[in-house]
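In UniProt numbering, the protein residues as written are 1 to 442.
Structure, as structure tokens:
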């Protein structure tokens with residue numbers, strides 16, 4: 001067999017395997033003709049390694065040229081078997097068996113130099129995210145990224161690991177961190193490589209993080225840029241999320257006709273696919289639009305339809321619906337029911353560790369108490385909202401809480417009033433060079 005016909009990367013794997021089987025270190029093979037560094041380069045498949053160096057190493061290991069095809073086939077079959085096990089492990093994790101998968105992965109003999117090691121650490125990281133073992137998840141995903149940069153980039157495992165890191169931070173209510181890792185995933189993504197669907201999931205998630213941060217203009221622009229490529233997206237949940245984002249951002253920018261159009265189109269797709277989460281979110285947008293139009297009956301019907309959806313695996317989405325329904329009750333003058341519904345929203349948000357919407361509901365409760373001249377209660381609620389907003393660096397929500405506190409102290413205590421006004425000014429400076437100061441709360 002001619003050396004030129006053998007891929008140096010494949011040959012390196014064979015050499016490493018034989019060396020390990022013989023119990024030899026790099027230093028054991030090195031001599032005055034070949035250094036440990038050169039041996040390492042050959043084993044890792046580094047391009048431009050001189051073929052005569054590899055032949056010399058084969059001879060030292062006692063590998064005859066005619067043995068190479070059989071050794072290569074054995075190595076490829078072993079890798080194929082491991083790849084199939086990892087593929088099934090990822091499926092098992094995605095259907096809700098993360099601990100079982102972790103236990104099984106611990107028994108696989110995949111060293112860091114194995115080309116499948118990045119995938120192994122990536123799947124482990126996904127499992128640990130599911131189990132809410134955040135620090136372990138981050139370590140595993142960073143390891144996947146480190147190894148992926150040394151392997152074949154077209155696998156897109158680096159981009160996938162950054163995507164999962166962004167989810168890990170999002171689930172901990174670190175929206176800025178989630179956005180940062182999403183951008184890193186987009187930078188790492190190789191067009192034309194494996195896992196092509198990752199690109200649109202990254203775009204979708206970036207839109208969701210913009211939405212949660214109240215960055216309405218940036219979110220709408222992202223969705224509009226993706227819209228011409230919607231027919232390329234084969235994941236119905238991703239498609240429906242883009243419909244919701246376009247409808248939601250249109251609503252927040254007072255473009256009610258567009259909001260109704262995109263929410264209605266999306267709702268029809270969601271109905272035909274029984275996508276309950278999207279039925280909830282799209283009905284909530286439509287309910288909000290009709291509430292703003294003061295068609296309270298239509299609004300309530302949409303909110304109730306959302307609440308009537310089966311609750312399995314979708315109850316997190318109901319927090320926003322409950323907040324909107326509370327606002328509807330408030331518009332109708334039913335303050336008691338409004339407060340009860342806001343409390344339900346807060347409890348649902350707490351059940352799902354949804355800090356942004358806990359703050360949203362608290363701010364609305366504070367507004368309601370303030371309008372009812374229940375100043376003491378309003379201040380207490382605003383202070384709670386302010387504390388959470390500061391804990392998670394939610395600047396827009398922090399500004400809203402400060403405004404509520406300043407209004408509560410106006411004409412009561414000038415010193416307290418000025419304290420919160422100064423704090424509002426500092427927040428405003430933070431946004432001086434950013435997009436328009438848009439709040440996501442109506």
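Quick reminder that beta carbons are idealized off the backbone N, C-alpha and C, glycines included.
*asked:* Looking at the secondary structure, which residues open and close the alpha helix (DSSP H) in which residue 246 lies?
replied: 236-252
*Any contact of the stretch 80-88 with the stretch 51-65, i.e. 3+ C-beta pairs under 8 Å?*
no
*Could you spell out the range, first to last residue, of the alpha helix (DSSP H) harbouring residue 109?*
Taken as a continuous stretch (DSSP letters only), residue 109 belongs to no alpha helix (DSSP H), as it is neither H nor E.
*Do residue 319 and residue 353 have their C-beta atoms within less than 7 Å of each other?*
no
_Cβ pair residue 390, residue 378 closer than 7 Å_ = no
*asked:* If contact is defined by three or more beta carbon pairs under 8 Å, each pair taking one atom from either stretch, is the stretch 211-221 in contact with the stretch 186-197?
replied: no
*residue 46 (DSSP reduced to helix, strand or coil)*: coil
*Compute the Euclidean distance between the alpha carbons of residue 52 and residue 37, then round it to the nearest angstrom.*
16 Å
*Apply the 10 Å Cβ neighbour rule to residue 173 and answer buried if 16 or more other Cβ atoms are within range, or exposed otherwise.*
buried
*Exposed or buried, residue 433, counting other C-beta atoms within 10 Å across all chains shown (16 or more means buried)?*
Confidence in residue 433 is poor, its pLDDT being 47 and thus under 50, which makes the residue's placement unreliable; the coordinate value appears in the next sentence. The residue in question, residue 433, is exposed, as its Cβ has fewer than 16 Cβ neighbours within 10 Å.
*If you draw a straight line from the C-alpha of residue 341 to the C-alpha of residue 365, how long is it?*
10 Å
*Give the secondary structure of residue 33 by DSSP, where H, G and I count as helix, E and B as strand, and everything else as coil.*
coil
*asked:* Which same chain residues end up closer than 8 Å to residue 179 when comparing Cβ atoms and leaving out the 5 residues on each side of it in sequence?
replied: 166, 206, 209, 210 and 213
*Pull up the distance between the alpha-carbon of residue 42 and that of residue 183, whole angstroms please.*
34 Å
*Tell me whether residue 291 sits in a helix, a strand or coil according to DSSP, three-state version.*
helix
*Please confirm whether residue 160 and residue 128 have their CB atoms less than 7 Å apart.*
no
*Give the secondary structure of residue 439 by DSSP, where H, G and I count as helix, E and B as strand, and everything else as coil.*
Residue placement at residue 439 is poorly supported in this model, since its pLDDT is 39, which falls under 50; the coordinates are not used for a value here.
*Cα-Cα, which of 130, 12 and 126 is closest to residue 157?*
126
*Going by the beta-carbon positions, is the gap between residue 39 and residue 89 smaller than 7 Å?*
no
*Take every Cβ of the stretch 230-240, pair it with every Cβ of the stretch 407-420, and state whether three or more of those distances are shorter than 8 Å.*
no
_Can you find the residues in the same chain that come closer than 6 Å, C-beta to C-beta, to residue 2, ignoring five residues on each side of it along the sequence?_
Below a pLDDT of 50, predicted positions are generally treated as unreliable, and residue 2, at 47, falls in that range; the measurement from the model is reported next regardless. Nothing meets the Cβ criterion.
*Exposure label - residue 436; buried when at least 16 CB within 10 Å*: Because residue 436 carries a pLDDT of 44, less than 50, the predicted location of this residue cannot be relied on, and the following value inherits that uncertainty. When all chains shown are included, residue 436 counts as exposed.
_As a quick exercise: from 130, 246, 254 and 224, pick the residue whose alpha carbon is nearest that of residue 264._
246
*By Cβ distance, which residues of its chain are closer than 8 Å to residue 424, with the 5 residues on each side in sequence left out?*
399, 402, 403 and 406
*Closest by C-alpha distance to residue 381, when choosing among 393, 368 and 253*: 368
*Closest Cα partner of residue 356 within the set 315, 96 and 393*: 393
*Cβ atoms of residue 299 and residue 323: under 7 Å apart, would you say?*
no
_Start-end ranges of the alpha helix (DSSP H) lying completely within the stretch 261-322, minimum 4 residues_ = 276-292 and 296-307
*Look at residue 251 and residue 266 and say whether their C-beta atoms are less than 7 Å apart.*
no
*Note down the Cα distance separating residue 277 from residue 306, rounded to an integer number of angstroms.*
9 Å
*Would you mind stating whether residue 279 and residue 270 have Cβ atoms separated by less than 7 Å?*
yes
*Note down, in chain order, each residue of its chain lying with its Cβ closer than 7 Å to the Cβ of residue 358, except the 5 sequence neighbours on either side.*
346, 349, 350 and 388
*asked:* What does the Cβ neighbour count give for residue 227, buried or exposed, with the cut at 16 atoms within 10 Å?
replied: exposed
*Looking at the structure shown, is residue 352 part of a helix, part of a strand, or coil, going by DSSP?*
coil
*By Cβ distance below 7 Å, which residues in the same chain neighbour residue 430 in space, the five residues on each side in sequence not counted?*
395
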